[in-house]
Ligand SMILES: Nc1ncnc2c1ncn2[C@@H]1O[C@H](COP(=O)(O)OP(=O)(O)O)[C@@H](O)[C@H]1O
Ligand SMILES: [Mg+2]
């Protein structure tokens, strides 16, 4: 479904993402892990069209999207919930959700289904998002992405700053998306949660992928070590 080949993304001279290649198949739940500054958000933004690609190719559903705009990608079914939510704080929950609908795509999601999925938002429907709790803001941000009926939903650190209970709620809702067949690529700082929730973990370190493994128990130690930069491949690269 998503195919990334040899991707480079730069900030000026700085190569934040270097030679990254991944394949994601429809129905996959993939977690992208890695320390702060590893290049995860940069990578996701480049896939979503929010940052220019320096070199390499990205294709989605067998179409090359490397040079297309983010709205074209949303139109094709690829949506990103960015780090930090990026809501319009002076607009209401409902208004923010409706912004997600500016791109017309066939599908089951509409505003009422968002409120069914995130019942906590119902009483906040007409509140400005700036006045919401972190969990309510995150639900709004996810809901806004869902309004475009994505086939691939990319989530960047959705649990950041939320209480454990609210994180559980957010993940329960992501789980229902997964069960409905949405392909999901997510960044999660909580390594244990990432491994438990996904079927596959991709680990980035200093702009490169250092591990891409199924999250089967047999790979747990390897995944943990890659996260902390301790696996063999990394040591070889560093020496
Ligand atoms: N707008 C920017 N301008 C310059 N450097 C940036 C910018 N955004 C991120 N970086 C740098 O790129 C690297 C990767 O950042 P980022 O993709 O945010 O990592 P992660 O999401 O894994 O924490 C870091 O070294 C960061 O300082
Ligand atoms: Mg990030």
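In this note's numbering, the protein residues as written are 21 to 259.
Cβ atoms here follow ideal geometry from the backbone N, Cα and C, with glycine treated the same way.
This one's a predicted model, so the numbers in the text were calculated from it and none came from an experiment.
For ligand 2, residues whose Cβ lies under 7 Å from any non-hydrogen atom
60, 61, 103, 176, 177 and 207
Using the beta-carbon count (16 or more within 10 Å), is residue 169 buried or exposed?
buried
For residue 33, which three-state DSSP category applies?
coil
Taking the straight line between their C-alpha atoms, what separation do you get for residue 185 and residue 37?
34 Å
Apart from the five residues just before and just after residue 21, which ones in its own chain have a Cβ nearer than 8 Å to its Cβ?
Take residue 21, set aside five residues on each side of it, and the residues of its chain with a beta-carbon closer than 8 Å to its own are 44, 45, 46, 48, 80, 81, 171, 172 and 203, in chain order.
Ordered along the chain, which non-local residues of its own chain (more than five positions away) have a Cβ less than 8 Å from that of residue 247?
53, 54, 55, 211 and 223
Does ligand 1 have a heavy atom nearer than 7 Å to the CB of residue 68?
Not so, every heavy atom of ligand 1 lies at least 7 Å from the Cβ.
Spell out the partners DSSP gives residue 182 in its beta bridges.
Beta-bridge pairing links residue 182 to no other residue.
Nearest CA to the CA of residue 266: which residue from 63, 68, 133 and 149?
Because the chain spans 21 through 259 in this model, residue 266 falls outside it and cannot be assessed.
Using DSSP with H/G/I as helix, E/B as strand and the rest coil, what is residue 209?
coil
Tell me whether residue 31 counts as near ligand 1, meaning its Cβ is closer than 7 Å to at least one heavy atom of that ligand.
Yes, ligand 1 has a heavy atom inside 7 Å of this Cβ.
May I ask which residues mark the beginning and end of the beta strand (DSSP E) holding residue 76?
75–80
Would the stretch 132–149 and the stretch 177–184 be scored as touching if the rule is three or more Cβ pairs under 8 Å?
no
Straight-line Cα distance separating residue 73 from residue 27
7 Å
Got a sec? Which residues, its chain only, sit under 6 Å from residue 131 by beta carbon, not counting five neighbours each side?
117
Taking only three categories from DSSP, how would you classify residue 261?
The structure shown does not extend to residue 261, since the chain is modelled only from 21 through 259, so no value can be given for it.
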